[in-house]
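Structure record follows, encoded as structure tokens.
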Amino acid sequence: MRQKNLLVALAIAMVTLITSCAKDDFQETVGVCPTVTATNPMDGATSVPLNQIITATFNEAMNPNTIDLTSFTIVGATTVAGTISYLGTTATFTPAFNLTPNTTYVGKITTAVKDVNGNALQQDYIWTFTTGTTLQPRVTATSPASDETNVALNKVSSASFNMPMNPLTINTTSFTLKQGTTAISGVVTYTGNKAFFTPNGNLTANTIYTATITTGAKNTAGTPINADYVWNFTTGTAIAPKVISTSPTPNENGVLLNKVITATFDMTMNPLTIPTSFTLKQGTNTVSGNVTYLGNTASFTPTNPLLENTTYTTTISTTAKNVAGIALANEYVWSFTTLNNSIAPNLGTAAMFGAFGGNAGVTNQGLNTVINNGSISTTAASTLVTGFHDATAIYTETPLNKGFVTGAIYTAPPAPGTATSFAIATQGLADANAAYLSISPASMPGGTDPGAGELGGLTLAPGIYKSASGSFNISNG
0 MRQKNLLVAL AIAMVTLITS CAKDDFQETV GVCPTVTATN PMDGATSVPL
50 NQIITATFNE AMNPNTIDLT SFTIVGATTV AGTISYLGTT ATFTPAFNLT
100 PNTTYVGKIT TAVKDVNGNA LQQDYIWTFT TGTTLQPRVT ATSPASDETN
150 VALNKVSSAS FNMPMNPLTI NTTSFTLKQG TTAISGVVTY TGNKAFFTPN
200 GNLTANTIYT ATITTGAKNT AGTPINADYV WNFTTGTAIA PKVISTSPTP
250 NENGVLLNKV ITATFDMTMN PLTIPTSFTL KQGTNTVSGN VTYLGNTASF
300 TPTNPLLENT TYTTTISTTA KNVAGIALAN EYVWSFTTLN NSIAPNLGTA
350 AMFGAFGGNA GVTNQGLNTV INNGSISTTA ASTLVTGFHD ATAIYTETPL
400 NKGFVTGAIY TAPPAPGTAT SFAIATQGLA DANAAYLSIS PASMPGGTDP
450 GAGELGGLTL APGIYKSASG SFNISNG
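Numbering (our numbering), first residue to last: 0 to 476.
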């Protein structure tokens with residue numbers, strides 16, 4: 000009877016044990032209770048970094064509301080302050096400060112922690128670990144990031160550390176870049192907790208590269224990173240930039256003397272490569288100026304106004320590169336010609352006269368008058384030219400009115416006017432009138448009184464326009 004009672008008691012104990020973590024709404028297999036399956040650091044770990052983030056992983060999804068600073072604790076000489084987070088099946092304890100060197104810590108997950116069905120750990124989970132002597136350095140970020148694609152061909156790779164490093168240990172031995180097994184030559188520098196690898200040339204397009212920070216990298220206390228840090232990235236396609244438009248356009252004429260010359264590219268360029276690549280020349284003479292770059296457009300502003308009626312040559316050289324370090328495939332060269340402000344109408348025979356009276360007279364009042372840039376003329380009678388003489392004749396000079404004409408005097412008769420001099424004066428008058436008409440608005444591109452004074456809605460070609468009434472209106476469009 001006593002043996003039977005013992006068996007019954009054992010059976011009841013087994014049923015209690017099997018169903019002890021079950022609830023009315025429990026959906027798991029009977030007997031499967033939440034447990035801690037792993038920790039980091041693991042139980043008994045030594046030389047743990049002082050900035051260690053501590054985690055505990057469970058065998059199932061847990062209720063995050065049950066995991067807090069009372070159910071998940073880290074205790075050394077005192078309880079460690081920190082924050083708790085939970086993701087997937089892992090709870091994370093992030094200390095508020097670095098742990099103390101050479102100290103044993105006790106981690107505890109209590110039975111207050113429950114799974115999503117309300118089932119608790121059956122007993123507290125306790126483990127220990129011991130910190131090392133110093134904080135161990137580690138790589139916290141890289142550029143390019145791990146597995147980044149379309150990386151620029153002139154990319155400078157970098158790695159950031161969590162603490163100051165010994166610059167003497169950051170070199171081409173501890174920071175390497177390879178394409179497959181081929182080492183890439185370059186220069187390694189270190190500043191502000193950050194190491195940089197600058198290749199000696201552009202990387203190859205569409206290629207996978209492997210960057211490595213070895214355990215040769217050490218902090219200022221001589222502590223190395225705990226393991227080589229390795230990451231990969233892939234370069235982008237090598238597309239050469241090109242100039243797609245310019246101002247002035249190639250072979251443009253009549254360019255303003257204060258023109259700012261521009262060249263627009265089909266992609267973003269490296270601004271540092273633009274100033275030395277953009278030149279302006281007049282023949283073999285280099286024009287001084289200032290080069291700027293904004294958007295995708297480079298601009299050359301000459302220091303002084305350009306010369307009139309002069310051809311200039313502009314060049315964008317192959318030193319201009321895009322942000323990926325790819326240069327123009329070829330120099331881009333174009334020319335333009337400035338406007339000619341000196342273009343004058345064709346004066347014909349009127350050009351020979353320094354003074355021209357038309358059909359009126361020409362009178363001098365003074366003793367020192369000299370017409371030294373040509374002849375004088377009138378189609379009127381010679382008596383209407385007074386106070387002048389040339390090399391052959393005197394035209395009614397007085398003691399107070401004497402003027403010298405270096406050329407000749409042409410008038411109608413009477414003498415010293417002749418039929419021949421009258422013909423020359425008549426042709427000069429005709430040529431002067433023709434020149435005047437050639438520069439009048441009616442003769443220029445444009446015209447007189449377009450739209451009867453109303454310019455609204457009109458499309459006007461470049462030119463000079465004259466209104467019949469003296470004013471133009473834009474009142475209907």
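Each residue gets a CB set at the ideal place from its N, CA and C atoms; glycine is no exception.
Predicted model only: the values in this text are computed from it and were never measured.
Return the CA-CA distance between Glu59 and Ala119, expressed in angstroms with no decimal places.
Rounded to the nearest whole angstrom, the CA to CA distance from Glu59 to Ala119 is 12 Å.
At what residue ranges does the region 232-268 contain a whole run of the beta strand (DSSP E), taking only runs of 3 or more?
242-246, 251-254, 260-264
Can you tell me which of the three DSSP states Ser381 falls into?
helix
Is DSSP giving Ser468 helix, strand or coil here?
coil
Per DSSP, which one or two residues make a beta bridge with Phe92?
Residue pairing for Phe92: DSSP places it in a beta bridge opposite Ile53, Ile83.
Out of Asp67, Ala237, Ile315, state which residue places its alpha-carbon closest to the alpha-carbon of Ile273.
Comparing Cα-Cα distances from Ile273 to each of Asp67, Ala237, Ile315, the minimum goes to Ile315.
Helix, strand or coil: how does DSSP classify Val14 here?
Any answer about Val14 is weak, because its pLDDT of 42 lies below 50 and its placement is not dependable; what the coordinates show is given next. Reduced to three states, the DSSP call for Val14 is helix.
Identify the continuous beta strand (DSSP E) that holds Ala418 and give its terminal residues.
Unbroken run through Ala418 is the alpha helix (DSSP H), 418-437; no beta strand (DSSP E).
Taking DSSP's pairing of strands, which residues face Asn284 in a bridge?
In the DSSP output, where bridge partners are listed per residue, Asn284 has Gln281.
Could you give the residue range of the beta strand (DSSP E) that holds Lys107?
103-108
Span separating the alpha-carbon of Ala451 from that of Ser374
43 Å
Taking the straight line between their C-alpha atoms, what separation do you get for Val242 and Phe335?
The C-alpha of Val242 lies about 16 Å from the C-alpha of Phe335.
CB of Met164 within 8 Å of CB of Lys217, strictly
yes
DSSP three-state call for Pro412: helix, strand or coil?
coil
The beta strand (DSSP E) enclosing Lys193, as first and last residue numbers:
193-198
Determine the DSSP secondary structure at Gly324, reduced to helix, strand or coil.
coil
Closest to Ala328 by CA distance: which of Ser474, Gly200, Phe264 is it?
Phe264
With burial defined as no fewer than 16 other Cβ atoms inside 10 Å of the residue's Cβ, what is the status of Ile66: buried or exposed?
buried
If I measure Cβ to Cβ from Leu454 and keep anything under 7 Å in the same chain, skipping five residues before and after, which residues do I get?
Result list for Leu454: Phe471, Asn472, Ile473, in chain order.
Gly215 by DSSP, collapsed to three states: which one?
Three-state DSSP puts Gly215 in coil, outside helix and strand.
Which runs of the beta strand (DSSP E), 3 residues or longer, sit entirely within the region 289-314?
For the region 289-314, the full-length beta strand (DSSP E) segments reaching 3 residues or more read 296-301 along the chain.
Taking Cβ positions, are Tyr394 and Phe403 nearer each other than 8 Å?
Taking 8 Å as the cut-off, the beta carbon of Tyr394 is found no closer than this to the beta carbon of Phe403.
Identify the continuous beta strand (DSSP E) that holds Thr127 and give its terminal residues.
124-130
Express the C-alpha separation of Phe71 and Ile17 in angstroms, rounding to a whole number.
Any reading at Ile17 is ruled out, since the residue's pLDDT is 43, under 50, leaving its predicted position unreliable.
Please report the distance separating the alpha-carbon of Asn199 from that of Leu98.
Counting only the Cα atoms, Leu98 lies some 42 Å from Asn199.
In the DSSP output, which residue or residues are listed as bridge partners for Gln178?
Thr181
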